[in-house]
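Visitor: Next up is a structure, given as structure tokens.
Residue numbers (UniProt numbering), protein chains in the order written: chain A, 1 to 307; chain B, 1 to 537.
Structural data, given as structure tokens:
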């Protein structure tokens, strides 16, 4: 219980920390928001009025405390650019980004597991060679290029899948592959190595000595042992996918938090940037908490740490 | 028997060619006007809707106007030759002293929320622009506006404190289009994102940042007098998608996910041109041509001779041809060729001559140092350029080649790509040697002032009274030919002083499926979908 509580406390700390950090960064960056918003050819008086209206004439610490106080009441403020509530904007964009990251995660995990196991089982055979080359290509090719290539093959040449937009399941396929492929590469390599490593562990050798079948050893013992590093990696890959969604959403012209952040940074729309970072940080923290908890399911030994 | 085969062959060949011909020649004239109604056009634009603002009075960006033009009506429309056609105003008179404009309004116009359009509404619109706290381009477009006088229900008089010749051109843009007064009051802050106009289309659904769905205004019967038809628009529905990634935009056209796209990247033009299922149209954006703007009041570039040496030392022709693959024209003068006052006399009046450039620099006392960069009195000939657009319109590709050319004559150029905020700060402080930009607009006055007259709070790049004198004289001048002559004089002066180097003329391109007909463009180069129609698939 204490463990779970302290995990929650840490999570809240991480989120508040990232909000504070982003608040500082966007405010330290050069460029006056009111001047940017007012546009060209506008009298100074108008700019000052706008600054006052947005509350930007107050000291930074007051603006910060006001923002944090608002957070606790569920108020994320309104966009500087068009006065729309930030929360609505974020909620509109949350779904598509979640759908994209989760489905890419599924692509990464499923592909990674299958290929990783195959590669380990057929160690140093042709199949292993092919998979290792593919995973290397997957890891080292930039997301956006894979995206463009997928569009060219499946939308332009084969007319099988839509190239842009979001909403339907078909529109999710290409972006999830594009974004998931890097993660799949990483997981494939990791699973392969962990399986090979685990196969030489003394407890596996004694299982073999007992005459237990290959398949049973692989799926019941080796794989469970090999999963721990892979699960840790999943938490990290999730973060990378959130970051990668910025690019993928642009390439596939999808709605989402990533694209929202890019547009907001361009206009220095601070409430939107902060809100989006808050959401992203919250995601990341939640996923990593789930990862931590899942360790204890996979490996009972980790439960000992609780005491 | 043999003959029979021949006959069959002949007939089938005939049939084949007939088919092909039929496919190629469904011309607009073959489709009766009544058969043009219906259908959806999906159009992908290349730039975001800045601030998600559809309020025409608050926005200033080309992406925004590409949607707004079909949502809002203006009092007048501008023809290609620069003359004006009636729109919401049936006729107008300009007073003797050229300080007031009287407009007679159409009497059967309503905004899409049912609010009637009348003199009251016109007054409301102008007063609104005057007092908005983030007014975009609209405020500068009304210039020395003073007041609006309501003569009667459908007659209105606009007063200026001094003559303002760009007024009608500005009035024809969507920046000064009419919005519903009731909606402004009722919607408050949300009007900025979801405004109400009287145009042929209205937004019925949107996903901010990605897509806008517009449906036809069924009551519409007040299109501009220069449009191709009267009554409501042909299209049932117009879907505007925002696809900023170039290759995706082109792919989505090939795959049929969209019917038309804008801003075709130069490297794709040839492929799209050769695609028999597509049509490409191109208009020149009325522009202050994309130009390298020098800071002539601070730093090394105060020296006119040095600026001229920089201009001579680059093979601009070759650079424009290499970067844009022949799809953009090289610019010689400040104003783009179709804008009022464009100066064709300046064409071809300077030639690339590295030798002469080097000789000029030598004479100025800049001697080449050990690393090939020139030095004078212990100071390196090193220049700073600032930019925040990343590689918009491939400008950084151009600048990298310029950087190379200048290096060859012993001049160092450092290019700093910085955030828009930092950029604005440095522009205000005068902390730069040059920047590159282009400004579009319907009238030379606005675009020239945007770049040649320091904005309030900004560093003054030129401090040249001759420039402002000529600009003011042109603003006062009502005779179009005399005005044009003043602008030509100004451009020749700018050329002499080398305040900037024009680089290329920016076209606005649209590629559309062959099923799509009559996407029109307004004078600024924004697409206008009132006359647009599509053949069923």
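We put the beta carbon where it would ideally sit given N, CA and C, even for glycine.
(1) Could you check if residue 363 of chain B is buried or exposed, using at least 16 other CB atoms within 10 Å of its CB as the buried criterion?
(2) If you drop the 5 nearest sequence neighbours on each side, which residues of the same chain put their C-beta closer than 6 Å to that of residue 515 of chain B?
(3) Taking C-beta pairs closer than 7 Å, name the residues in chain B that residue 263 of chain A reaches, listed in chain order.
(4) Could you give the uninterrupted runs of the alpha helix (DSSP H) lying entirely in the region 450 to 513 of chain B, keeping only those of 4 residues or more?
(5) So which residues of chain A does residue 283 of chain B contact, with C-beta pairs closer than 8 Å?
(6) Determine, using beta-carbon pairs with one atom in the region 123 to 141 of chain B and one in the region 198 to 208 of chain B, whether at least three such pairs fall under 8 Å.
(7) Determine, using beta carbons only, whether residue 147 of chain A comes closer than 9 Å to chain B.
(8) Is the CB-CB distance between residue 109 of chain B and residue 103 of chain B below 9 Å?
(9) Could you check how far apart the C-beta atoms of residue 299 of chain B and residue 406 of chain B are, in whole angstroms? I think they sit under 8 Å.
(10) What is the DSSP secondary structure of residue 18 of chain B, counted as helix, strand or coil?
(11) Determine the contact status of residue 233 of chain B and residue 70 of chain B, defining contact as a CB-CB distance below 9 Å.
(12) Check the Cβ of residue 255 of chain A against every Cβ in chain B and list those closer than 9 Å, keeping chain order.
(13) List the residues of chain B that residue 58 of chain A touches, going by C-beta distances under 7 Å, in chain order.
(14) Go ahead and pull the three-state DSSP assignment for residue 413 of chain B.
(15) If you measure beta-carbon to beta-carbon, which residues of the region 252 to 275 of chain B are closer than 8 Å to chain A?
(16) Per DSSP, residue 43 of chain B forms a beta bridge with which residues?
(17) So which residues of chain C does residue 38 of chain A contact, with C-beta pairs closer than 8 Å?
(18) So, is residue 268 of chain B buried or exposed, given that buried needs 16 or more other C-beta atoms within 10 angstroms?
(19) Just to confirm my understanding: we take residue 138 of chain A, look at its own chain, exclude 5 residues before and 5 after, and list those with CB closer than 7 Å. What are they?
(20) Beta carbon of residue 38 of chain B, beta carbon of residue 236 of chain B: below 9 Å?
(21) I want to verify the contact list: residues of chain A whose CB lies under 7 Å from the CB of residue 189 of chain B, in sequence order.
(22) Going along chain B in order, which residues have a C-beta closer than 8 Å to the C-beta of residue 142 of chain A?
(23) With a cut-off of 9 Å, does the C-beta of residue 280 of chain A fall near any C-beta of chain B?
(24) What in chain B is Cβ-close to residue 163 of chain A, meaning under 7 Å?
(25) Could you spell out the range, first to last residue, of the alpha helix (DSSP H) harbouring residue 235 of chain A?
(26) For a test of the three-state rule: what should DSSP assign to residue 529 of chain B, helix, strand or coil?
(27) At what residue ranges does the region 252 to 333 of chain B contain a whole run of the beta strand (DSSP E), taking only runs of 3 or more?
(28) Using only alpha-carbon positions, find the residue among B/368, B/193 and B/336 that is nearest to residue 49 of chain B.
(29) Quick check on the DSSP output: the beta strand (DSSP E) that includes residue 374 of chain B runs from which residue to which?
(30) Would a C-beta distance cut-off of 9 Å place residue 212 of chain B and residue 239 of chain B closer than the cut-off?
(31) Check whether the Cβ of residue 420 of chain B lies closer than 9 Å to any Cβ atom in chain A.
(32) Would you mind giving the Cβ-Cβ distance between residue 332 of chain B and residue 346 of chain B, rounded to the nearest angstrom? I have them listed as a contact below 8 Å.
(33) Return the chain-ordered ranges of every beta strand (DSSP E) run that is complete within the region 104 to 157 of chain B and spans a minimum of 3 residues.
(34) Could you check if residue 145 of chain A is buried or exposed, using at least 16 other CB atoms within 10 Å of its CB as the buried criterion?
(35) Taking buried to mean at least 16 other C-beta atoms within 10 Å of its own C-beta, is residue 241 of chain B buried or exposed?
(36) Can you give the beta carbon distance from residue 281 of chain A to residue 272 of chain A, rounded, assuming they're within the 8 Å contact cut?
Guide: On the basis of the coordinates in this document:
(1) Around the Cβ of residue 363 of chain B, a 10 Å sphere holds fewer than 16 other Cβ atoms; the residue is exposed.
(2) Within the same chain, residue 515 of chain B has close Cβ partners 534 and 535.
(3) Under the 7 Å cutoff, chain B gives 48 and 209.
(4) Along the region 450 to 513 of chain B, the alpha helix (DSSP H) occurs as fully enclosed runs of 4 or more residues at 465 to 476 and 480 to 497, listed in sequence order.
(5) Result: empty, since nearest Cβ-Cβ is about 24 Å, beyond 8 Å.
(6) The region 123 to 141 of chain B vs the region 198 to 208 of chain B: no contact.
(7) Output row for residue 147 of chain A: interface = yes.
(8) 9 Å or more divides the Cβ of residue 109 of chain B from the Cβ of residue 103 of chain B.
(9) Not quite, the Cβ-Cβ distance comes to about 15 Å (not below 8 Å), so this is no contact.
(10) Any reading at residue 18 of chain B is ruled out, since the residue's pLDDT is 42, under 50, leaving its predicted position unreliable.
(11) In this structure, residue 70 of chain B lies closer than 9 Å to residue 233 of chain B by Cβ.
(12) Result: 207, 208, 209, 210 and 211.
(13) Ordered by position in chain B, no residue passes the 7 Å Cβ test against residue 58 of chain A, which lies about 17 Å from the chain.
(14) Looking at residue 413 of chain B - three-state DSSP - the assignment turns out to be strand.
(15) For the region 252 to 275 of chain B, which is checked against every Cβ of chain A, the residues closer than 8 Å are 252, 254, 255, 256, 257 and 258.
(16) DSSP lists B/240 and B/260 as partners of residue 43 of chain B.
(17) Of the protein chains in this structure, namely A and B, none is chain C.
(18) A residue is called buried once 16 or more other Cβ atoms fall within 10 Å of its Cβ, and residue 268 of chain B is buried on that count.
(19) Taken in chain order, the residues that qualify are 181, 182, 184 and 185.
(20) Yes, they are a contact pair.
(21) Under the 7 Å cutoff, chain A gives 83.
(22) Residues of chain B with a Cβ closer than 8 Å to the Cβ of residue 142 of chain A do not exist; the shortest Cβ-Cβ separation is about 13 Å.
(23) No, because no Cβ of chain B sits closer than 9 Å to the Cβ of residue 280 of chain A.
(24) Those are 248, 251, 252, 255 and 257, listed as they occur along chain B.
(25) Per DSSP, residue 235 of chain A is one residue of the alpha helix (DSSP H) stretching across 223 to 251.
(26) In the structure shown, residue 529 of chain B sits in coil (DSSP, three-state: anything other than H, G, I, E or B).
(27) You should have 260 to 262, 278 to 284 and 287 to 294.
(28) When only C-alpha atoms are compared, the closest one is B/193.
(29) Residue 374 of chain B -> beta strand (DSSP E) spans 374 to 376.
(30) Residue 239 of chain B is positioned such that its CB atom lies closer than 9 Å to that of residue 212 of chain B.
(31) Chain A contact via Cβ: present.
(32) Indeed they touch by this definition, with Cβ atoms about 5 Å apart.
(33) Counting only runs of 3+ residues, the beta strand (DSSP E) found wholly inside the region 104 to 157 of chain B occupies 145 to 152, in chain order.
(34) Residue 145 of chain A should be labelled exposed.
(35) Taking a 10 Å sphere around the C-beta of residue 241 of chain B, we find 16 or more other C-beta atoms and assign the residue as buried.
(36) A Cβ-Cβ separation of about 15 Å leaves residue 281 of chain A out of contact with residue 272 of chain A under the 8 Å criterion.
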